[in-house]
Amino acid sequence: MPNRVMYYGKGEVYAYRTYGTPLSSVQQIPESTVNGRENILFGLNCHVAIGGNQFLSSFTEGDNQLVVATDSMKNFIQRHLAKFKGSTIDGFLYYVANQFLKTYPQMETVQITADEIPFLPTNCIEKHTLQASSLVFKKSRNEKSFATIEVAREDNGIKLIDHRSGIKDLQLIKISGNSFVGFVQDQYTTLPEDSNRPLFIYLNINWKYQEPRDVVVENPNGFVLAEQISDIASSVFHVLDTNSIQQLIYQIGLKILERFPQLSEVEFESQNRTWETVVEEIPHSKGKVYTEPRPPYGFQRFVVLREDLEREKSY
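The sequence shown begins at 117 in our numbering and counts up one residue at a time.
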């Protein structure tokens with residue numbers, strides 16, 4: 117059988133679970149107050165892709181005898197969320213991927229990704245006291261966590277092929293303390309050097325564990341929360357005299373690996389969305405006026421390895 121791309125699946129499978137298992141006993145770090153999740157409301161948007169050589173005839177001959185309808189996949193994911201006893205997106209994806217392979221022998225691989233659908237607490241007054249509501253939540257348009265799991269059927273059972281956790285759509289603006297100077301100046305250069313600019317970045321960050329099986333079980337050992345990664349990113353951004361986005365993401369990655377020895381690498385996808393200056397000087401104020409940047413935008417992609425942290429320590 118030639119090695120070909122062949123899979124099918126279902127996208128935008130939304131599932132919401134109320135009163136899920138709380139996540140507790142998460143490692144505390146100095147940059148963050150977050151140490152768990154109550155999981156009163158657990159929302160997911162899943163994308164599942166199924167592979168297997170036995171599906172070839174469905175492509176070449178229109179033979180559907182072994183085809184599991186994608187609508188059935190949607191129902192499978194949603195109903196198994198009710199059976200899931202764990203407390204993380206990663207754990208649920210691993211659980212439901214395994215259930216797919218156990219239920220349908222014609223399936224050989226399952227790759228499933230889910231974005232968190234985040235909800236934020238609201239306030240209420242009970243017994244004349246302002247406190248967080250346990251019933252009313254507001255849907256967040258901010259950054260969200262995600263996870264990707266891939267499993268494959270092998271002779272001796274089901275193998276975990278790939279696992280990544282992450283946070284996406286993180287947007288951070290630092291209004292001063294950022295420079296961009298010393299870059300190549302030639303006949304194509306129109307960008308002026310700037311020794312103190314605002315820096316607005318978009319960030320997607322994902323990370324791998326050294327022992328991924330430890331964090332896809334019902335009671336994960338050493339699980340890292342996306343909120344903690346976000347807090348580290350903003351903390352490093354605050355203290356660093358930023359010379360470039362490349363330097364910034366490298367330093368964020370080093371700090372993440374320092375705080376979490378259970379991680380093996382941290383990958384960044386960043387975009388430069390720095391505002392354009394409209395008013396340079398405002399009388400009797402140190403402020404300025406800015407507007408959105410014109411397209412196109414600059415981007416970076418970089419992986420910080422544990423070897424980088426060890427090398428930095430040895431300097």
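All C-beta atoms in this analysis are idealised placements derived from N, C-alpha and C, irrespective of residue type, glycine included.
- Query: DSSP three-state call for ILE156: helix, strand or coil?
  - Reply: DSSP places ILE156 in coil when its eight states are reduced to three.
- Task: Kindly list the residues whose CB is nearer than 8 Å to the CB of ASN144, restricted to its own chain and excluding five residues on each side of it in sequence; keep chain order.
- Result: Reading off the sequence shown, one finds Gln at residue 144, where the question assumed Asn. Cβ neighbours of GLN144 beyond the five flanking positions: ASN151.
- Roughly how many angstroms lie between the CA atoms of MET117 and THR204, to the nearest whole one? Reliability fails at MET117, whose pLDDT of 49 lies under 50, so the model's placement of it is uncertain and no value is given.
- Item | Residues of its chain near GLY202, where Cβ-Cβ distance is below 8 Å and the 5 sequence neighbours each way are ignored | THR137, PHE208, TYR211, VAL333, GLU334, ASN335, PRO336
- Task: Specify the secondary structure class of SER256 as computed by DSSP and reduced to three states.
- Result: coil
- Query: Which runs of the alpha helix (DSSP H) spanning at least 4 residues fall entirely within the segment 173-202, listed in chain order?
  - Reply: 186-199
- Message: Nearest by alpha-carbon distance to GLY273: which of GLU309, LEU217, GLN303 is it?
- Response: LEU217
- Message: Within the continuous alpha helix (DSSP H) that includes ASP278, where are the two ends?
- Response: Where ASP278 is concerned, there is no enclosing alpha helix (DSSP H), although the beta strand (DSSP E) it sits in stretches over 273-296.
- Query: Can you list, in chain order, the residues of its chain whose CB lies under 6 Å from that of GLY127, leaving out five sequence neighbours each side?
  - Reply: HIS163
- Message: Which same chain residues end up closer than 6 Å to SER351 when comparing Cβ atoms and leaving out the 5 residues on each side of it in sequence?
- Response: GLU147
- Indicate, with yes or no, if the ligand ADP has a heavy atom lying under 7 Å from the CB of ASP347. For the structure depicted, the ligand ADP is absent and the ligand set is empty, with no information on it obtainable.
- Query: For the segment 117-142, which segments carrying the beta strand (DSSP E) assignment without a break, of at least 3 residues, lie completely within its bounds, in sequence order?
  - Reply: 123-134
- How would you label SER346, buried or exposed, when you count the other beta carbons within 10 angstroms and need 16 or more for buried? buried
- Item | Residue range of the beta strand (DSSP E) that includes ASN432 | Residue 432 is absent from the model: the chain starts at 117 and stops at 431.
- Which one or two residues does DSSP pair with ILE433 in a beta bridge? The structure shown does not extend to residue 433, since the chain is modelled only from 117 through 431, so no value can be given for it.
- Item | Distance between SER311 and GLU396 (C-alpha atoms, nearest Å) | The alpha-carbon separation between GLU396 and SER311 amounts to approximately 14 Å.
- Task: Compute the distance between the beta-carbons of GLY369 and VAL355, then report whether it is under 8 Å.
- Result: no
- Query: Under the rule that 16 or more other beta-carbon atoms within 10 Å means buried, what is LEU236, buried or exposed?
  - Reply: exposed
- Query: Thinking just about the alpha-carbon of each residue, which of GLN378, ILE348, HIS196, PHE376 is nearest to the one in LEU364?
  - Reply: With distances taken between Cα atoms, LEU364 lies closest to ILE348.
- Message: Run through the DSSP bridge pairs and tell me what GLU383 is partnered with.
- Response: ASN322, VAL419
- GLU224 vs GLY159 beta-carbon contact at 8 Å: In this structure, GLY159 does not lie closer than 8 Å to GLU224 by Cβ.
- Backbone CA spacing between HIS94 and VAL129 [nearest angstrom]: The question about residue 94 has no answer, for the chain in this structure spans 117 to 431.
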